[in-house]
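Peer 1: Please read through the structure below; I'll follow up with questions.
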Amino acid sequence: MVGLIIAILFSWFPLGADRGVNLSDTLELGIVDVYGDSLGKYAMGQYILRFGKESLEEFGGQSLGDFLQARSGLFLRQYGPGMVASLTMRGTSAGHNAVFWNGLPINSPSLGQMDFSILPVGGFDLAQVHFGGSGALYGTDAIGGSIHLSNELAFNQGLSFNTSNRFGSFGAFHNQVQGTYSTAGFSSKTQVYRQQATNNFPFTNLAKIGTPEERQDHAAVFQWGAVQDLAWNLSSQTQVSTSLWWNSNDRQIQPVMGSNNRDLQLDRNLRWVADLHHFENSRVWNLKTGVVWDKQLFNEQADNRTSQFFLAGELDWEISKMLQSKSGVRLTDVRGNLSTFSENDFRVELYQSTNIRPTEKLGFSLNLRQLVYSGNFAPFTPSLGMEYTVFEHEQHKISGSAALSRSFKVPSLNDRFWIPGGNPALLPERSLSGEIGMGYLYNMKNRKFNAKVTYYRMAVDQWIVWMPQPSYWAPQNIQEVNNQGLEVFLDSDIPLSFGVLQLTANHAWNATQIIKTGDSSRANNGNQLPYTPAHKSQATARIKNKSMGYFINTHRVGTRYISMDNQTSLSPYLLVDIGIDRKWSLGKNLRGSMGFQVNNIGNTEYEVLRLRPMPGRNFQFNLTISQ
Amino acid sequence: MKSIKFYQYLFVSFLLVTTLSCISDPIEIPLGEYEGGVLIINEGAFGANDGEVYHYDREGHGITSNVFERVNSRPFAGVIQHLAHHESYFYLVANTGKVEIVNDADFVSVGAITSDQLVIPRAIAVAGQKLFISDYGPYDDQWNNPDSFIAVVEGKEGGGVSKTIPVPSQPEGLFVVGDRLLVACTGGKEVVVVDTQTEEVVTNLPLPEGSPYSFFNYNGKLYLYARSATHVYFYQLNPSSFAITDVIDIPVANSIYNGNFALGENGNVYIIQTGGSTDKIVVVSLSTREILDDNLYQGSNFYGVGYDSSTKNLYIGDNAGWQSNGEVLVVNEEGSLQRTLEVGKGPSGFLFR
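Here the protein sequences line up with chains A and B, keeping their order. In this text, residue positions in the first sequence follow the working numbering: the first is 7, and each later residue adds one. In this text, residue positions in the second sequence follow the working numbering: the first is 8, and each later residue adds one.
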């Protein structure tokens, strides 16, 4: 009953693997046993790309950073395999994208960004990428876009177990065990994972005389974690769900070539969220609370800990077929105990989202948000999005979209309070962005073709940069950058006599124009931001049938400049991965799959960041067993 | 027989002519590409290891970027702390843990020190056939360096570290006098004297004021440069006992923390004074023991300074706030800008040839 209500009310919530979503082409309906926020509902005019369990499973034992680098048009600045990885979206910086887990913002409040290397894909079931400024929908940090991770639970499925095991080159091992149990009123899922990699891959040491080939040293990673999801249907109208995620990551920091550093970093993350949903005829009430606790210990000396406590309430209301509304408030208590300071930050956010559909073909999303942090008003943040079905006939549909949004980033705790240098008077960074897009959908039985093109422009100012002072560095609101770009998404299913061919392709063009830098004496106007490739492309072809699966994946990263002046750059590189997977079953209850992958089959020698080598050709075996 | 004698005469004549011609008209060996001009040390950014050497041709005004990488087809891959010249070699010390050795004429790599025993090397000196490298050693949890040392390498073309000599915290500049090595220990605020033969510390000389950075000769006398937050100090040392014989104490506040300065003519010393958004070049005199000009030239992000005695120009390195590559401002002794050179990341020092 609950599922049916939700399916009717939130028909924009998509299911299925790896599909882009915007309101006009979200046609999939499904019964969601445990309610999840309908991410695209109030995001008309913007694009959401989603990766389901099937895709994520191919990256078992690896991080979300590895996944997005290989399987999307997004670029991640990776300091080595398993090392720090930060995301740049639409030419913005690492702190200009917001990351959520089951609706909780999990960016580090001290660093103001997320390290994507410590988000193992085993920790969640669904990853969605919201492209474009979305501060009015999500709050701070969502200047270039946002990433949403969530866990999925189902009712009435009984008992099941699953184990996934992988081993591969350079000491890579991954084990994951999952058990689920559910009745009509209760659901539980428990996952435990552990993974490790020595990362002793061969590389050419350019820093040494004779450029000898050596094995990478001091780059080992060990990670383990556990996830527990629980949900109860208290009544036909009330549901409670909660998730707990513990992640532990120990790593040797891979030194940059030419350095002899032996740094160690330990990360511990505990995230807990609880939701109460109450469903009425046309309304959904949500009470959400949660905790995000992060600890980072560097070289067993610099101990940095932060805690975030959340309490939020929200009403999502379908007033009529033409009018939908979501109103909410979120309170956040941020507490930082860093190695050089201890400070708290209390935040209050009020937001209102409204969907207006004057006709079936035309829809608008209007979002408003006001955040107050430590008594300071962040910029008032509105956004307006529009989608219009230009043409629809039988299997063909052409749609247009447009969006205009303001976003912001509250200065991080380190920016404001780090000793020495922190500046409590810093202003929030802010952006204004606009985009237009066209989409084409062809859908006939098993044959499908979906294309989406988006052009955007964005201006970011009050950009915070740490600048040298006479005796230490200090942050200033000093940089101004204008960006523009084009994003292309293609997605196709082609039935074959022996299965189905799935093709996906992404391309991102991000041209950044530095208007003002921290160095006032020099004009860098027109230069591309460092480590922001103008072009990133990715494509996957996958053939599947009942028992076998084959894939080939490639991604190409364009030229990256290493500093503002654009005088030195890293060469583009292209990587190709291939894999084969066979499903098997034993008796009635035991089934699974076994597979083999070759990554970087061309053994391409490449660096994402200068002097930080990455692995060449490597192999991976996997075995999953389900019961 | 006649024929043989003829050829003998011819051969002898050829030898004579050849020999005489060599004496009267010696073969000219062209200068190496980097035997003239100005070598600019671009320190490089922390964590990026993008230190490099640029070359500036005074006559043609051409800049050659990334000299090390250009010649050796590989990046320097380090943060350059010190460039030392000894006989026919340059020694490039990277504080990221290595020393590269190149020919001084063409910059071709001839050796290296890449021992795991080097932690944070700072400077190098050659004594006889040995290399001595000052090294901060590892940081402790209070960001101090209690285990600083001098590394000894047998052989001027590099190799492994044969011995480490513990010294007070944060050794920087080195100076060889006879068989003694002087070590300026910035953190420990003392000078250490090492016997280069026995490789033992023989004397510790605490400084009354300031932290020591480097040594230099002026007017036949040995000086030590030291600084504090409010003053700069020039200690004159006895060349035998190394005892302090004189102190020139000049009130220059906020001299740059890396200890960079340049010795000009007539005992004029050029010092970078940092001041937030505005940095200045202050000129002090070892002769009159006072400030000659408290603002010869001003700008921002000053990081290195050098004096070119052949053109009497001052070279000022501007690190561009570490946001991009830097530039060098060429300024004459009157403080007028002569030229601006686009250089690498964090120009910190100069070697004039």
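Note that beta-carbon positions come from the ideal geometry of N, C-alpha and C, so glycine has one too.
#1: To the nearest angstrom, how far is it from the Cα of Q88 of chain B to the Cα of I108 of chain B?
#2: DSSP state of E349 of chain B, grouped into three classes?
#3: Who does Q258 of chain A pair with in a DSSP beta bridge?
#4: When you compare only the Cα positions, how much space is there between T139 of chain A and T546 of chain A?
#5: Counting only beta-carbon separations shorter than 9 Å, does D421 of chain A have a partner in chain B?
#6: Ignore the nearest five residues each way along the sequence and tell me which others in K301 of chain A's own chain have a CB closer than 6 Å to its CB.
#7: Just how far apart, CA to CA, sit V254 of chain B and Y242 of chain B?
#8: So, is the C-beta of A511 of chain A closer than 9 Å to a C-beta in chain D?
#9: Using a Cβ-Cβ cutoff of 8 Å, what residues of the region 115-128 of chain B are near chain A? List them in chain order.
#10: At a cut-off of 8 Å, would you count G46 of chain A as near the ligand ZN, judging by its Cβ distance to the nearest heavy atom?
#11: For T518 of chain A, which residues from the same chain have a beta carbon less than 7 Å from its beta carbon, with the 5 sequence-adjacent residues on both sides left out?
#12: Just to confirm, is the Cβ distance from V298 of chain A to Q314 of chain A under 9 Å?
#13: May I have a chain-ordered list of the beta strand (DSSP E) segments no shorter than 3 residues that lie completely inside the region 565-607 of chain A?
#14: CB Q234 of chain A to CB S194 of chain A, shorter than 9 Å?
#15: Consider the Cβ of G264 of chain A: report whether some Cβ of chain B lies at a distance smaller than 9 Å.
#16: Taking A158 of chain B as the reference, give the member of B:V174, B:N151, B:Y146, B:W150 with the closest Cα.
#17: Helix, strand or coil for E164 of chain B? Go by DSSP, reduced to three states.
#18: Can you tell which of A:P208, A:A178, A:S166 has its C-alpha closest to the C-alpha of T189 of chain A?
#19: In the DSSP assignment, find the beta strand (DSSP E) that holds N107 of chain B and state where it starts and stops.
#20: Could you check the C-alpha separation between N168 of chain A and F130 of chain A for me, to the nearest Å?
#21: Where does the unbroken beta strand (DSSP E) through G139 of chain A begin, and where does it stop?
#22: For the region 448-460 of chain A against the region 495-505 of chain A, do three or more pairs of beta-carbon atoms, one drawn from each stretch, fall closer than 8 Å, so that the two count as touching?
#23: Check whether the Cβ atoms of G342 of chain A and P115 of chain A sit closer than 9 Å, and answer yes or no.
#24: For I520 of chain A and A409 of chain A, I'd like the C-alpha separation in whole angstroms.
#25: Contact defined as beta carbons within less than 8 Å: I believe E398 of chain A pairs with G369 of chain A. What is the distance between those atoms, to the nearest angstrom?
#26: Which same chain residues, not among the five before or five after Q401 of chain A, have their C-beta less than 8 Å away from its C-beta?
#27: In chain order, what residues of the region 186-215 of chain A put their CB closer than 7 Å to some CB of chain B?
#28: Quick check on the burial criterion: 16 or more other C-beta atoms within 10 angstroms. Buried or exposed for K319 of chain B?
#29: To be precise: take each residue of the region 454-486 of chain A, compare its Cβ to all Cβ atoms of chain B, and keep it if any distance is under 8 Å. Which residues remain?
#30: Are S553 of chain A and T565 of chain A close, meaning C-beta to C-beta below 9 Å?
#31: Starting from the N-terminal side, write out each stretch of the beta strand (DSSP E) that is 3 residues or longer and does not extend beyond the region 280-364 of chain A.
#32: Is the separation between the beta-carbon of S7 of chain B and that of G328 of chain B shorter than 9 Å?
#33: Looking at Y240 of chain B and K163 of chain B, is the spacing between their C-beta atoms short of 9 Å?
#34: Can you pull the chain A residues whose beta carbon is under 9 Å from the beta carbon of P82 of chain B, in chain order?
#35: Judging by CA-CA distance, which residue of A:F137, A:M263, A:G164 is the nearest neighbour of P619 of chain A?
#36: With 9 Å as the threshold, decide whether the Cβ of G266 of chain B is near any Cβ in chain A.
Peer 2: Concretely, from the data shown:
#1: The sequence position of residue 88 of chain B within the second sequence is 81, counting from 1. The sequence position of residue 108 of chain B within the second sequence is 101, counting from 1. Roughly 14 Å separates the two Cα atoms.
#2: Within the second sequence, the letter at position 342 stands for residue 349 of chain B. Note: E349 of chain B maps to strand in three-state DSSP.
#3: The sequence position of residue 258 of chain A within the first sequence is 252, counting from 1. The partner list for Q258 of chain A (beta bridge, DSSP) reads A:L270.
#4: Indexing the first sequence from 1 puts residue 139 of chain A at position 133. Indexing the first sequence from 1 puts residue 546 of chain A at position 540. Checking the sequence shown, residue 139 of chain A turns out to be Gly, not Thr. In this structure, the straight-line span from the alpha carbon of G139 of chain A to that of T546 of chain A is close to 27 Å.
#5: Residue mapping note: residue 421 of chain A aligns to position 415 of the first sequence, counting from 1. Residue-level contact by beta carbon fails for D421 of chain A and chain B, as no gap is shorter than 9 Å.
#6: The residue you call residue 301 of chain A lines up with position 295 of the first sequence. The residues are R274, R311.
#7: As a first step, residue 254 of chain B must be located in the second sequence, where it is residue number 247. As a first step, residue 242 of chain B must be located in the second sequence, where it is residue number 235. A straight line joining the alpha-carbon of V254 of chain B with that of Y242 of chain B spans about 5 Å.
#8: Here chain D cannot be found, since the structure's protein chains are A and B.
#9: For the region 115-128 of chain B, which is checked against every Cβ of chain A, the residues closer than 8 Å are S116, G118, A119, T121, D123, L125, V126.
#10: The ligand ZN is not part of the structure shown, which contains no ligands of any sort.
#11: Residue 518 of chain A sits at position 512 when you count from the first residue of the first sequence. If you ignore the 5 residues before and after T518 of chain A, its C-beta comes within less than 7 Å of the C-beta of G97, V487, N489, Q534, L535, T538, all in its own chain and listed in chain order.
#12: Taking the first residue of the first sequence as 1, we reach residue 298 of chain A at position 292. Taking the first residue of the first sequence as 1, we reach residue 314 of chain A at position 308. Here V298 of chain A is near Q314 of chain A, since their CB atoms are less than 9 Å apart.
#13: Correct list: 579-592, 596-605.
#14: For the purposes of this step, residue 234 of chain A is taken as residue 228 along the first sequence, with counting starting at 1. For the purposes of this step, residue 194 of chain A is taken as residue 188 along the first sequence, with counting starting at 1. Cβ distance < 9 Å, so Q234 of chain A and S194 of chain A count as in contact.
#15: Counting from 1 along the first sequence, the entry for residue 264 of chain A is found at position 258. Chain B contact via Cβ: present.
#16: Sequence index remark: in the second sequence, residue 158 of chain B carries index 151 (1-based). Selected option, being the one with the closest Cα: B:V174.
#17: As a working note, residue 164 of chain B is residue 157 in the second sequence. Coil, per DSSP.
#18: The residue you call residue 189 of chain A lines up with position 183 of the first sequence. Of A:P208, A:A178, A:S166, the residue nearest in Cα terms is A:S166.
#19: On the second sequence, position 100 is the one that residue 107 of chain B refers to. Looking at the sequence provided, one finds Glu at residue 107 of chain B rather than Asn. Counting along the chain, E107 of chain B sits inside the beta strand (DSSP E) bounded by residues 105-110.
#20: Sequence index remark: in the first sequence, residue 168 of chain A carries index 162 (1-based). Sequence index remark: in the first sequence, residue 130 of chain A carries index 124 (1-based). Their Cα atoms are separated by approximately 15 Å.
#21: As a first step, residue 139 of chain A must be located in the first sequence, where it is residue number 133. Boundaries for G139 of chain A: no beta strand (DSSP E) harbours it, and the DSSP string shows neither H nor E there.
#22: Flag = yes, the region 448-460 of chain A and the region 495-505 of chain A touch.
#23: Along the first sequence, one-based indexing puts residue 342 of chain A at 336. Along the first sequence, one-based indexing puts residue 115 of chain A at 109. Cβ atoms of G342 of chain A and P115 of chain A: closer than 9 Å.
#24: For the purposes of this step, residue 520 of chain A is taken as residue 514 along the first sequence, with counting starting at 1. For the purposes of this step, residue 409 of chain A is taken as residue 403 along the first sequence, with counting starting at 1. Roughly 23 Å between the two C-alpha positions.
#25: Sequence index remark: in the first sequence, residue 398 of chain A carries index 392 (1-based). Sequence index remark: in the first sequence, residue 369 of chain A carries index 363 (1-based). Between E398 of chain A and G369 of chain A the beta-carbon gap is near 14 Å, outside 8 Å, which marks them as no contact.
#26: Against the first sequence, residue 401 of chain A aligns to sequence position 395. By the criterion of a C-beta distance shorter than 8 Å, Q401 of chain A is surrounded in its chain by Y448, N449, M450, once the five residues flanking it on both sides are discounted.
#27: Within the region 186-215 of chain A, the residues whose Cβ lies closer than 7 Å to some Cβ of chain B are L212, A213, K214, I215, listed in chain order.
#28: Position 312 of the second sequence, counted from the start, is the residue given in the question as residue 319 of chain B. Flag for K319 of chain B reads exposed.
#29: Considering only beta carbons, the part of the region 454-486 of chain A lying closer than 8 Å to chain B consists of V471, M473, P474, Q475, P476, S477, in chain order.
#30: The residue given as residue 553 of chain A occupies position 547 in the first sequence. The residue given as residue 565 of chain A occupies position 559 in the first sequence. Cβ atoms of S553 of chain A and T565 of chain A: not closer than 9 Å.
#31: Correct list: 289-304, 308-326, 329-343, 348-362.
#32: The requested residue 7 of chain B is not part of the displayed model; chain B covers only 8 to 360.
#33: Here the question's residue 163 of chain B lines up with position 156 in the second sequence. Here the question's residue 240 of chain B lines up with position 233 in the second sequence. Going by C-beta atoms, K163 of chain B is not nearer than 9 Å to Y240 of chain B.
#34: If you number the second sequence from 1, residue 82 of chain B lands on position 75. By Cβ distance, chain A contributes L212, A213, M263, G264, R616, L617.
#35: Position 613 of the first sequence, counted from the first residue, corresponds to residue 619 of chain A. The residue among A:F137, A:M263, A:G164 with its C-alpha nearest the C-alpha of P619 of chain A is A:M263.
#36: Translated into the one-based positions of the second sequence, residue 266 of chain B becomes position 259. G266 of chain B has a beta carbon lying at 9 Å or more from every beta carbon in chain A.
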